[in-house]
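This report concerns only the one structure given below.
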Amino acid sequence: MIEPPKLPTPWMERDWSRWSQSVQSHSLLDQLNDFPQVVADLILPLDQNELQKSGENTWSIQEHVGHLLAMESLWIARLDDFVLNRSVLRPWNGHNKDVRAAQFNQQKIKAICRDFAEVRSAMVTFTKELMQTGQSFVAFHEGQNRDFSLNDQVAFIAEHDAHHLQIIQYLIHANQ
Numbered sequence: 174m175i176e177p178p179k180l181p182t183p184w185m186e187r188d189w190s191r192w193s194q195s196v197q198s199h200s201l202l203d204q205l206n207d208f209p210q211v212v213a214d215l216i217l218p219l220d221q222n223e224l225q226k227s228g229e230n231t232w233s234i235q236e237h238v239g240h241l242l243a244m245e246s247l248w249i250a251r252l253d254d255f256v257l258n259r260s261v262l263r264p265w266n267g268h269n270k271d272v273r274a275a276q277f278n279q280q281k282i283k284a285i286c287r288d289f290a291e292v293r294s295a296m297v298t299f300t301k302e303l304m305q306t307g308q309s310f311v312a313f314h315e316g317q318n319r320d321f322s323l324n325d326q327v328a329f330i331a332e333h334d335a336h337h338l339q340i341i342q343y344l345i346h347a348n349q
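So in our numbering, the last one in the sequence shown is 349, and the numbering has no gaps at all.
Structure follows, in structure tokens:
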């Protein structure tokens with residue numbers, strides 16, 4: 174019997190003290206680039222009710238995908254921080270009110286998936302261009318309380334993707 178997916182530890186409650194990226198950034202960049210299609214393949218067969226079902230204090234599957242799209246602006250802004258040689262990476266806004274405000278459940282899921290794929294592709298292309306310069310990009314990540322290299326940022330985004338994929342898989346299973 175296959176184990177049902179488990180709900181991961183909430184993002185803000187994760188213990189990052191022993192986290193380190195061990196996968197090469199170039200393979201992670203391929204993974205990041207492919208991720209919007211992985212999500213689309215998983216969710217597009219679902220009906221609208223399954224996509225938009227949410228609990229009292231939880232996001233729907235569609236809102237999780239919208240959140241992934243919304244986070245691209247932070248990831249790109251942090252790339253700018255590296256390019257501009259800022260000593261501190263732009264912080265996350267500390268809340269996710271933008272997900273509810275964007276009303277992702279009122280939007281077309283195919284449009285959200287398309288936009289996510291387009292923005293993610295641009296972010297990955299920009300990251301690859303930065304890596305090809307051979308420069309060493311490092312800035313302080315306040316949330317992690319340590320310096321982050323460009324490779325660390327790539328791994329962090331991959332972790333964030335995996336976290337939401339696990340939640341989406343859990344919600345799909347829970348809705349069946």
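Ideal Cβ positions, reconstructed from N, Cα and C, are used throughout, including at glycine.
Asked	Found
CA nearest to the CA of A328, picked from I345, V297, D288	V297
V292 - containing alpha helix (DSSP H), residue span	282 to 305
Which residues DSSP lists as bridging F313, in chain order	V261, D320
Backbone secondary structure at P209 - three-state DSSP	helix
Three-state class that DSSP yields for D220 in the structure shown	coil
Cβ pair count under 8 Å reaching 3, the stretch 269 to 279 against the stretch 240 to 249	yes
Outcome for H314 when other beta-carbon atoms lying within 10 angstroms are tallied against a minimum of 16	buried
Minimum C-alpha distance to M304 - residue among L252, I234, V238	L252
Test item: CB-CB of V211 and F289 under 8 Å	no
Secondary structure of Q349, DSSP reduced to three states	coil
Expected contact under 8 Å - CB spacing of A331 and L205 to nearest Å	6 Å
Sufficient close CB pairs (3 or more, under 8 Å) joining the stretch 340 to 348 to the stretch 224 to 236	yes
L338 to D320 span [Cα, whole Å]	27 Å
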